[in-house]
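Asks: Going by the numbering used here, the first residue of the sequence shown is number 348, and it counts up by one from there.
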Amino acid sequence: MKRIIAALAILIIVFGSSAGIYLKIISTVDELTDIAEEIRNTVNERGKTNYIETKRFSDAWDKAENFMVSFLPHSELDDIEIGIKNIANYHEQGLADEYLEELNNVINRLEHIKESEKPTVKNIF
Numbered sequence: 348m349k350r351i352i353a354a355l356a357i358l359i360i361v362f363g364s365s366a367g368i369y370l371k372i373i374s375t376v377d378e379l380t381d382i383a384e385e386i387r388n389t390v391n392e393r394g395k396t397n398y399i400e401t402k403r404f405s406d407a408w409d410k411a412e413n414f415m416v417s418f419l420p421h422s423e424l425d426d427i428e429i430g431i432k433n434i435a436n437y438h439e440q441g442l443a444d445e446y447l448e449e450l451n452n453v454i455n456r457l458e459h460i461k462e463s464e465k466p467t468v469k470n471i472f
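Shown next as structure tokens:
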């Protein structure tokens, strides 16, 4: 009986921590996506990029990456990291169209993380 209780306790801990990590990843991705969409809307309205917004997005990514690197494939995170570096470079060069294109690519990659982390049969098997 003690073994069954111990096994159930371990299962509860494993599933509970998995659910908590999943929810944290999704909320982090949502936060990053919201920031990126705000920036996209601002650039579309003004026709130029903004250093403060670009820096805010880069800082939010740096903070989020420290957590997500433990749980997500590094190849996906590397693609986003490269995209954010490109966004900063496009800002410095004043290339608003390329900036927006790369920002849209980063948003798509973030959305892909959300979709790939959903606990569905397709994603599990």
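Virtual Cβ for every residue (Gly too), placed ideally from N, Cα, C.
Let me know if residue 398 comes out buried or exposed under the rule of 16 or more other beta-carbons within 10 Å of its beta-carbon.
Replies: Residue 398 comes out exposed.
Asks: Count the other C-beta atoms from every protein chain shown that fall within 10 angstroms of the C-beta of residue 414, then say buried if there are 16 or more, exposed otherwise.
Replies: Its Cβ having fewer than 16 others within 10 Å, residue 414 is exposed.
Asks: Assuming residue 405 contacts residue 431 under a Cβ cut-off of 8 Å, what Cβ separation, rounded to an integer in Å, is found between them?
Replies: Right, their Cβ atoms sit about 6 Å apart.
Asks: Expressed to the nearest angstrom, what Euclidean distance is found between the alpha-carbon atoms of residue 465 and residue 373?
Replies: Each residue's alpha carbon lies about 9 Å from the other.
Asks: By a C-beta neighbour count over all protein chains shown, 10 Å radius and 16 as the cutoff for buried, is residue 366 buried or exposed?
Replies: Exposed, by the Cβ-count rule.
Asks: What is the residue span of the alpha helix (DSSP H) that residue 363 lies within?
Replies: Here the alpha helix (DSSP H) through residue 363 covers 349 to 393.
Asks: Among residues of its own chain, excluding the 5 on either side of residue 451, which ones have a beta-carbon nearer than 8 Å to its beta-carbon?
Replies: These residues qualify, in order along the chain: 387.
Asks: So what's residue 457 in DSSP terms, helix, strand or just coil?
Replies: In the structure shown, residue 457 sits in a helix (DSSP, three-state: H, G or I).
Asks: Assign residue 438 to buried or exposed, taking buried as 16 or more other Cβ atoms, counted over all protein chains shown, within 10 Å of its Cβ.
Replies: It counts as buried.
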